[in-house]
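**Student:**
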Amino acid sequence: FMVGATMIESDDAGPVTARSLMELLNAAYAMHPAFGEARVTETGAGVRPAYPDNLPRVTQEGSTLHVNGLYRHGFLLAPAMAGEVARRLLTEQGQPERRAS
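If you're matching positions, the sequence shown starts at 1 in UniProt numbering and goes up one per residue.
(1) Take every Cβ of the segment 23 to 39, pair it with every Cβ of the segment 62 to 69, and state whether three or more of those distances are shorter than 8 Å.
(2) Beta-carbon within less than 7 Å of residue 5's beta-carbon, same chain only, minus the 5 sequence neighbours each way: which residues are those?
(3) Compute the distance between the beta-carbons of residue 76 and residue 56, then report whether it is under 8 Å.
(4) Tell me, to the nearest whole angstrom, how far the beta carbon of residue 43 is from that of residue 16; I am working on the premise that it is less than 8 Å.
(5) Are there 16 or more other CB atoms within 10 angstroms of the CB of residue 69, so buried, or fewer, so exposed?
(6) Under DSSP, the beta strand (DSSP E) around residue 85 begins and ends at which residues?
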């Protein structure tokens, strides 16, 4: 299983803190006691990309599309954002699709 992420607002990209790990593991254990026997095989931490309003964006500069601001929801939002990028690419970056008659 993958467990995460914390809600701590910080610019610290350092290693996972004991507090954060304990909070996440306590939440997992509260969902099901079997998580008490789980092995932690990897941890990771990083600064989350976010805009001030915490909303993700697909923006365009020339012919380049930028997908940014997924914040802590990137794992869940990635499929929807990829769909939006594909839609824009298939319709000439957001222009109505044109078909030859």
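Glycine included, C-beta positions come from ideal geometry on N, C-alpha and C.
**Tutor:** In this structure, then:
(1) Segments in contact, no.
(2) If we look at residue 5 and ignore the five residues flanking it on each side, its Cβ neighbours are 72.
(3) No.
(4) Contact between residue 43 and residue 16 holds: their C-beta atoms lie close to 4 Å from each other, under 8 Å.
(5) Under the 10 Å beta carbon count, residue 69 is surrounded by 16 or more other beta carbons and is classified as buried.
(6) Not the beta strand (DSSP E): residue 85 falls in the alpha helix (DSSP H), residues 74 to 90.
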